[in-house]
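One structure is given here, and the rest of the page talks about it.
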Amino acid sequence: MKVNKTKTAYAYLRVGSRHQIAGGTSINQQKEEIKKYCRDSNIRLVDVFEDCPESANNFNRRGFVRMLGKNVARPVDLIIATSLDRISRDCREYLNIKYQLAKLGTRFFFLSDSFSFYMEEIMEAANDFESRFRKRIDDNCDCVNG
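The sequence shown finishes on residue 158 if you use this note's numbering, and the numbering steps up by one all the way, no holes.
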């Protein structure tokens, strides 16, 4: 008889700007969504890590780095975030971290982005493009505004 092991998880919460906080992407809202999902899915939430406000382009975020370090010492089954863009907007770095986590038996899970492996990579590439496009627009606006 196969016994189903209760999955374990870390939650990762991030807002990138004060504007996102005002727009309803609050840390508390993300935390409650993840806690509810874990309760409903019989997943044991081991710890919660957060960064506020921090850009998804920067992987040296304090909470994110602490979470990865703790996962090396005490791997969990899942790292749960509300969406892929809470983790990253840099495709290459995201895929590298995803690969390193997989070697520890850990995978990312996103509440609002339920899609296949290949779709995940396509979405990450779109996030990366959006970030680079926004930077280009900002740089051009700086030039025009002098």
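Built from N, CA and C at the ideal position, the CB exists for glycine as well.
By Cβ distance below 6 Å, which residues in the same chain neighbour residue i in space, the five residues on each side in sequence not counted?
i	result
isoleucine 92	Ala21, Ala23, Ile46, Phe121
phenylalanine 71	Glu105
Going by beta carbon distance, what residues of the same chain come within less than 7 Å of residue i, once the five residues before and after it are set aside?
i	result
tyrosine 106	Ile99, Ser100, Glu136
isoleucine 39	Leu25, Val27, Glu62, Cys64
isoleucine 134	none
lysine 43	Ala23, Leu25, Val60
Can you tell which of the options has its C-alpha closest to the C-alpha of residue i?
i	options	result
arginine 146	Ser67, Lys82, Ile134, Gln112	Ser67
leucine 57	Phe71, Pro87, Arg73	Pro87
methionine 239	Lys115, Val60, Asn69	The question about residue 239 has no answer, for the chain in this structure spans 13 to 158.
asparagine 139	Ile149, Gly75, Asn69, Arg73	Asn69
aspartate 102	Ile149, Ser143, Gly75, Asn152	Ser143
asparagine 54	Arg73, Thr18, Phe141	Thr18
If you reduce the DSSP assignment to three classes, tell me which class residue i lands in.
i	result
lysine 48	helix
lysine 17	coil
Leaving out five residues on either side along the sequence, give the residues of the same chain with a beta carbon under 8 Å from the beta carbon of residue i.
i	result
glycine 119	At residue 119 the sequence reads arginine, which differs from the glycine that was named. Only Asp89, Leu90, Ile91, Lys110, Leu113 meet the Cβ criterion.
leucine 116	Asn83, Val84, Pro87
leucine 123	Glu45, Ile46, Tyr49, Ile92, Ala93, Thr94, Ser95
serine 29	Pro65
Length-filtered (4 minimum) alpha helix (DSSP H) runs lying within the stretch 63-147: The DSSP assignment places complete alpha helix (DSSP H) segments of no fewer than 4 residues inside the stretch 63-147 at 74-85, 96-99, 103-115, in order along the chain.
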